[in-house]
Each structure stands twice: as C-alpha cells, then as structure tokens.
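> Protein sequence lines correspond, in order, to chains P and Y. Using my numbering, you'd call the opening residue of the first sequence number 7 and step up by one each time. Using my numbering, you'd call the opening residue of the second sequence number 633 and step up by one each time. For glycine and all other residues, C-beta sits at the position ideal for the given N, C-alpha and C. I have a structure I would like to understand better, so I am pasting it below and will then ask my questions one at a time.
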Amino acid sequence: MSNTPAQFTRVTKSYDNVEALRGLDLTIRPGELLSLLGANGAGKTTAVRTLLGLTKPTSGQVRVFGGDPRDAKTRTRVGAVLQIARVPEMLRVREHIHLFSSYYPNPLPMTEVIEAAGLQGLEKRKFGQLSGGQQKRVLFALAICGNPDLLILDEPTVGLDVEARRSLWKQIRAFIARGKSVLLTTHYLAEAEALADRVVVLHRGVVVKEGTPREIKGDADTLEDAFIDLLEAS
Amino acid sequence: MRTYLLEIKYEFLKALRNPAYALPTILFPIIFYYFFGVIFGGKQTGNVKMAEYLLATYGAFGVIGAALFGFGVTVALERGHGWLEAKRTTPMPIASYFVAKLAMAMLFSAIVVLLLFTMGIYLGGVTLTFAKGLTLLATLVAGSITFCALGLAVGFFAGPSAAVPIVNVLYLPMAIVSGLWIPIQFLPNALQDAAQWLPPYHFSQLALHVIGASRGEPVAVHVFAMAAAALFFAAIAYLGYRRDTAQVH
Numbered sequence: 007m008s009n010t011p012a013q014f015t016r017v018t019k020s021y022d023n024v025e026a027l028r029g030l031d032l033t034i035r036p037g038e039l040l041s042l043l044g045a046n047g048a049g050k051t052t053a054v055r056t057l058l059g060l061t062k063p064t065s066g067q068v069r070v071f072g073g074d075p076r077d078a079k080t081r082t083r084v085g086a087v088l089q090i091a092r093v094p095e096m097l098r099v100r101e102h103i104h105l106f107s108s109y110y111p112n113p114l115p116m117t118e119v120i121e122a123a124g125l126q127g128l129e130k131r132k133f134g135q136l137s138g139g140q141q142k143r144v145l146f147a148l149a150i151c152g153n154p155d156l157l158i159l160d161e162p163t164v165g166l167d168v169e170a171r172r173s174l175w176k177q178i179r180a181f182i183a184r185g186k187s188v189l190l191t192t193h194y195l196a197e198a199e200a201l202a203d204r205v206v207v208l209h210r211g212v213v214v215k216e217g218t219p220r221e222i223k224g225d226a227d228t229l230e231d232a233f234i235d236l237l238e239a240s
Numbered sequence: 633m634r635t636y637l638l639e640i641k642y643e644f645l646k647a648l649r650n651p652a653y654a655l656p657t658i659l660f661p662i663i664f665y666y667f668f669g670v671i672f673g674g675k676q677t678g679n680v681k682m683a684e685y686l687l688a689t690y691g692a693f694g695v696i697g698a699a700l701f702g703f704g705v706t707v708a709l710e711r712g713h714g715w716l717e718a719k720r721t722t723p724m725p726i727a728s729y730f731v732a733k734l735a736m737a738m739l740f741s742a743i744v745v746l747l748l749f750t751m752g753i754y755l756g757g758v759t760l761t762f763a764k765g766l767t768l769l770a771t772l773v774a775g776s777i778t779f780c781a782l783g784l785a786v787g788f789f790a791g792p793s794a795a796v797p798i799v800n801v802l803y804l805p806m807a808i809v810s811g812l813w814i815p816i817q818f819l820p821n822a823l824q825d826a827a828q829w830l831p832p833y834h835f836s837q838l839a840l841h842v843i844g845a846s847r848g849e850p851v852a853v854h855v856f857a858m859a860a861a862a863l864f865f866a867a868i869a870y871l872g873y874r875r876d877t878a879q880v881h
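As structure tokens, this is what we get:
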C-alpha cells in the first residue's frame with residue numbers, strides 16, 4: 007500500500023451535461039491538512055465523493071493509500087464527516103459510536119473517541135437531544151472511531167456558531183497532531199486560514215491555485231479577498 | 633458477525649424508541665382485533681369462531697404494517713437524508729443494513745402476533761393447540777419477507793416525505809380488499825376477485841389454512857404467489873439500489 011493518502015490523476019467527471027471535474031490533479035500528502043476551496047459548483051463535493059468511492063470518475067484515476075477507494079480494505083483507513091440532513095435520533099451517542107466501531111478491524115477505545123470528539127458527559131444522550139454543534143461532534147466521532155489515517159471533512163462547520171466551530175477546530179487539530187491527514191472542504195475562508203497547511207482553490211472542476219494559506223493570500227488583506235480576486239481572474 | 637448482531641440490536645432499539653413507528657404498528661392491529669375480534673368474536677364464521685378467524689387475519693395485518701413501516705419508511709428516510717450513504721463510506725457490509733431491518737420487522741411482527749394471541753386466548757375465548765399456535769406464528773412471521781421486499785421497493789423509490797403516504801395508500805386498501813379486516817366472504821364479489829391479485833390475500837389464506845379456515849385453495853398456490861411477489865418486489869428494490877449506487881453522481 008502506498009503511503010500517499012490520496013491522489014487524483016487527471017480526473018474528469020461529467021453527468022447531466024455538467025462537467026463537475028475537468029482533469030483534476032491533486033495529492034493529499036501524509037500528515038497534512040489540505041483545504042479545498044471553491045464556490046458552489048466548483049467540484050468540491052464531486053471530488054469528495056470520488057475520494058470516498060461513492061462515485062466513479064468518468065476518466066482518470068483516484069487512489070487512496072494506493073488502493074481503490076471503493077474497496078472495503080481502503081475504507082478501513084478513511085473516515086468522513088459528510089453533510090447529512092438527518093441522523094437516526096433515537097440512538098444514544100455511545101450506541102452510534104459502538105455500532106460504527108464494529109465496522110473497523112482496529113477501532114479506537116470508546117473513551118478515547120469520546121474524548122477526542124469532546125463528547126464527555128454526553129455519552130448517554132440521544133442524538134436528537136443534542137445541539138447542532140454536539141451533533142457535528144458525534145459525526146466527527148463516527149468518522150474517527152475506526153482509527154483512520156485519512157479524514158475527510160465536507161463543510162463540517164456549516165451552520166455552527168463561533169464557539170461550536172472553534173471546538174471542532176480543536177478536535178481537528180488534535181487529529182492532525184497524531185500524524186494523520188485531513189481533507190477539508192469549506193466555505194469559510196477563515197477556517198482554511200486557521201487550519202490548513204495547504205490550500206487548493208478549485209474552479210469549474212480544475213485547480214486554479216495551490217499553496218500555503220500565506221502564499222494564496224499574497225498581497226491581499228485576507229484569504230477572502232485573494233479568493234475573490236482569483237475567481238474574478240479565472 | 634458482530635456487526636450484524638449490533639446492527640440488529642440498534643435497529644430494534646431505534647424502532648422501539650420511535651413512538652411514530654412502535655405505537656401504530658403495535659396498537660392498530662390490537663385495537664382493531666379487540667373491536668372486531670373480541671367484541672363480535674363469539675359468532676361463527678365457517679367452521680371456526682370469528683375471534684379465531686380474525687386472529688389469523690389481524691395477525692397478517694400487523695405483520696404487513698411492521699414490514700411496510702419498519703422497512704419501507706425507514707429506508708426511504710435514511711436514504712433520503714443521506715444516512716445510508718454515510719454508512720456506505722464505511723467498510724460496513726451493506727447486507728448487514730438490510731438483514732438488520734428484516735430481523736427487526738420480523739421481531740416486531742412476532743411481538744404483535746403474540747400480543748394478539750394473548751388477547752384472543754384470554755379475552756376472545758380462542759382455543760389453539762400449542763402446535764397450531766406455533767405454526768401460525770411461524771407462518772405469519774415468515775410472510776413478513778414478502779412485505780419487507782415491498783417496503784424495500786417503496787423505500788428505494790419514494791422520497792422521505794412521500795414514503796408514509798405511499799405506504800398508507802398501499803397498506804389499508806390492500807388489507808381491506810384482501811379480507812384482513814372483515815372476512816373475505818363478506819366482501820362484494822368484485823373485491824373477492826380483485827383480492828386474488830393481492831399478496832395480503834394469499835398471506836392471510838396461508839394463515840387461515842393453519843387454523844382450518846381457508847377457502848380451500850391449494851396451499852401451493854398461495855406459497856407460489858407470496859414467493860413470486862417477494863421476488864418481484866425485491867427485483868424492483870434492487871433496481872433502485874443499483875440506481876443509487878450506480879456512481880453516476
């Protein structure tokens with residue numbers, strides 16, 4: 007198995023006359039947090055879905071740790087927080103984690119998962135009784151309970167207040183600190199600025215810029231200004 | 633194996649803790665049976681007591697409800713809300729998801745049927761030998777498979793908000809025309825003819841056969857109809873599943 011968490015090679019994806027990805031080349035390196043930025047329709051979600059083996063590229067290749075993202079063996083090394091409209095509300099936090107842990111060969115101990123996701127004291131709550139921020143932390147717990155080496159976070163802090171967002175950032179940083187890799191898509195440029203080692207800007211299905219948050223920012227005051235300039239230029 | 637057991641356990645807990653599922657699934661057959669079977673249950677119909685006859689048909693009614701709501705509606709919701717897809721990103725064996733729902737529907741079916749037995753015996757004066765009771769229970773629970781397949785087909789084609797209305801539109805008319813509420817011989821001839829085409833009719837005749845109150849058609853016909861319906865619905869469900877996982881989008 008390759009050490010490279012994920013590699014896109016000239017990946018295209020078209021459906022319904024839309025070209026969501028038009029020759030995407032992208033590598034997620036070991037130990038980094040890569041943030042994927044882009045306006046709606048830039049291809050972020052399609053990139054995430056191909057990486058998770060939920061959709062097949064029209065052409066090109068996606069490899070995750072050298073393997074096919076659709077193989078169960080590959081999936082044991084990947085965790086994901088997706089945008090889910092509703093999660094079964096009648097199960098308790100620890101029950102959700104217990105079930106998901108059973109899918110993996112070497113899951114983390116329950117107490118470690120609870121702590122890593124900041125869910126201490128909420129183990130016995132039903133999912134439906136939690137706040138939005140707490141629910142997101144449960145999804146984070148489900149993503150890391152299998153002890154994955156690559157974590158994929160698809161707009162994980164959408165709809166969260168500042169405090170809940172900061173709390174999740176802390177957990178993401180702790181995950182990275184253990185030498186693991188993260189792919190984060192986000193609308194919040196401040197989030198990319200705060201967390202990312204590297205930022206990739208996606209526009210109409212191709213990478214238009216890549217670098218550290220500082221490099222992308224260049225002379226602009228904020229990453230947001232730089233981002234808007236970039237989109238207007240392309 | 634452990635995943636399968638846990639999936640079943642939590643599927644059952646989810647259903648049990650969800651009043652919108654558990655209450656109607658358990659209470660409707662019981663209330664209807666109490667009304668039609670216990671209060672008016674003393675009369676004879678054919679060669680059995682009404683309370684005994686309706687025990688078989690309301691048992692079938694309860695089993696179908698548990699299957700359609702437990703399987704159909706929950707799949708439609710979890711699929712529509714992205715939960716099934718989130719699970720598909722894990723190494724979970726996909727079969728465990730469906731096996732757990734089937735097991736849950738069967739378990740709920742067994743609970744409903746046993747509650748009806750208890751009512752029938754203690755309130756309706758039903759007398760059943762242990763062997764007959766066990767055969768009736770097994771027949772009813774096994775029949776759940778056909779209606780789980782129907783529920784699955786609905787679940788893979790209905791959106792989260794359409795699933796409940798669609799299931800209701802299928803469930804109640806099918807149940808009534810098939811003679812699950814009122815014995816089939818009391819229905820107009822046109823409905824009796826139409827019932828031949830409905831899986832619940834064949835299901836209830838199998839249950840009635842156990843207590844010697846079927847209309848005397850060959851058991852093989854009913855078994856064949858139930859199996860054919862199960863395969864047909866499963867094939868439709870499979871098309872929906874294939875469409876969902878075609879990896880197009």
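Using a Cβ-Cβ cut-off of 7 Å, state whether residue 94 of chain P counts as contacting chain Y.
With 7 Å as the cut-off, residue 94 of chain P counts as an interface residue toward chain Y.
> In this structure, what does DSSP give as the bridge partners for residue 73 of chain P?
Listed as beta-bridge partners of residue 73 of chain P by DSSP are P:70.
> Are there 16 or more other CB atoms within 10 angstroms of the CB of residue 184 of chain P, so buried, or fewer, so exposed?
exposed
> As a quick exercise: from Y:730, Y:681, Y:674, pick the residue whose alpha carbon is nearest that of residue 889 of chain Y.
There is simply no residue 889 of chain Y to check, as chain Y begins at 633 and stops at 881 in what is shown.
> Based on Cα-Cα distance, which residue from P:212, P:209, P:223 lies nearest to residue 198 of chain P?
P:223
> Counting only runs of 4+ residues fully inside the segment 14–97 of chain P, write out the alpha helix (DSSP H) ranges in chain order.
50–57, 78–81, all fully within the segment 14–97 of chain P.
> Based on the DSSP secondary-structure assignment, which residues constitute the bridge partners of residue 209 of chain P?
P:212.
> Against residue 90 of chain P, what residues of chain Y qualify as contacts under a CB-to-CB distance less than 7 Å, listed in chain order?
713, 714, 715, 718
> Going by C-alpha distance, which of P:13, P:230, P:80 is nearest residue 63 of chain P?
P:13
> If you drop the 5 nearest sequence neighbours on each side, which residues of the same chain put their C-beta closer than 6 Å to that of residue 840 of chain Y?
688, 846
> Does chain Y have any CB closer than 7 Å to the CB of residue 15 of chain P?
no
> Mind pulling the chain P residues with CB within less than 7 Å of residue 724 of chain Y?
109
> Is it buried or exposed, residue 221 of chain P, if we count other Cβ atoms within 10 angstroms and call 16 or more buried?
exposed
> Mind checking residue 646 of chain Y: buried by the 16 CB within 10 Å criterion, or exposed?
buried
> At the level of alpha carbons, what is the spacing between residue 127 of chain P and residue 743 of chain Y?
34 Å
> Residue 208 of chain P and residue 229 of chain P: beta carbons closer than 7 Å?
Their beta carbons are not under 7 Å apart, which means residue 208 of chain P does not touch residue 229 of chain P by this criterion.
> Going by the beta-carbon positions, is the gap between residue 842 of chain Y and residue 771 of chain Y smaller than 7 Å?
yes
> Rounding to the nearest angstrom, what Cα-Cα distance links residue 85 of chain P and residue 117 of chain P in this structure?
18 Å
> Using the three-state DSSP reduction, which class does residue 132 of chain P fall into: helix, strand or coil?
strand
> If you draw a straight line from the alpha carbon of residue 121 of chain P to that of residue 750 of chain Y, how long is it in whole angstroms?
Spanning the alpha carbons of residue 121 of chain P and residue 750 of chain Y requires a straight line of approximately 48 Å.
> Does DSSP classify residue 187 of chain P as helix, strand or coil?
strand
> When every heavy atom of the ligand SAH is checked, does at least one fall within less than 6 Å of the C-beta of residue 734 of chain Y?
Summarising the ligand content, the structure contains no ligands, and the ligand SAH is consequently not present.
> For the segment 859–875 of chain Y against the segment 685–700 of chain Y, are there 3 or more C-beta pairs whose distance is under 8 Å?
no
> For residue 678 of chain Y, I'd like the list of residues in its chain whose CB is within less than 7 Å of its CB, leaving aside the five on either flank, ordered along the chain.
845
> Take residue 11 of chain P as the anchor and find which of P:146, P:46, P:34 has the nearest alpha-carbon.
P:34
> What does residue 158 of chain P pair with, by DSSP beta-bridge criteria?
As a beta-bridge residue in DSSP terms, residue 158 of chain P pairs with P:86, P:189.
> Compare the C-beta of residue 10 of chain P with all C-beta atoms of chain Y and state if any pair is closer than 7 Å.
So no, residue 10 of chain P is outside the interface.
> Span of the alpha helix (DSSP H) holding residue 637 of chain Y?
634–648
> Does any residue of chain Y have a CB that is nearer than 7 Å to the CB of residue 122 of chain P?
Chain Y, which has no Cβ nearer than 7 Å to the Cβ of residue 122 of chain P, makes this no.
> If you measure between the beta carbons of residue 636 of chain Y and residue 728 of chain Y, is that distance less than 7 Å?
Cβ distance < 7 Å, so residue 636 of chain Y and residue 728 of chain Y count as in contact.
> Could you spell out the range, first to last residue, of the alpha helix (DSSP H) harbouring residue 675 of chain Y?
No alpha helix (DSSP H) holds residue 675 of chain Y; DSSP gives it neither H nor E.
> Can you check DSSP and say which residues form a bridge with residue 12 of chain P?
P:34, P:70
> Quick one: list the residues of chain Y neighbouring residue 97 of chain P, beta-carbon separation under 9 Å, in chain order.
642, 645, 646, 649
> By a C-beta neighbour count over all protein chains shown, 10 Å radius and 16 as the cutoff for buried, is residue 633 of chain Y buried or exposed?
Of the other Cβ atoms in all chains shown, fewer than 16 fall within 10 Å of the Cβ of residue 633 of chain Y; this residue is therefore exposed.
> Would you decide whether residue 799 of chain Y is buried or exposed? Buried here means 16 or more other CB atoms lie within 10 Å of its CB.
buried
> Under 7 Å, Cβ to Cβ, is there at least one residue of chain Y near residue 191 of chain P?
no
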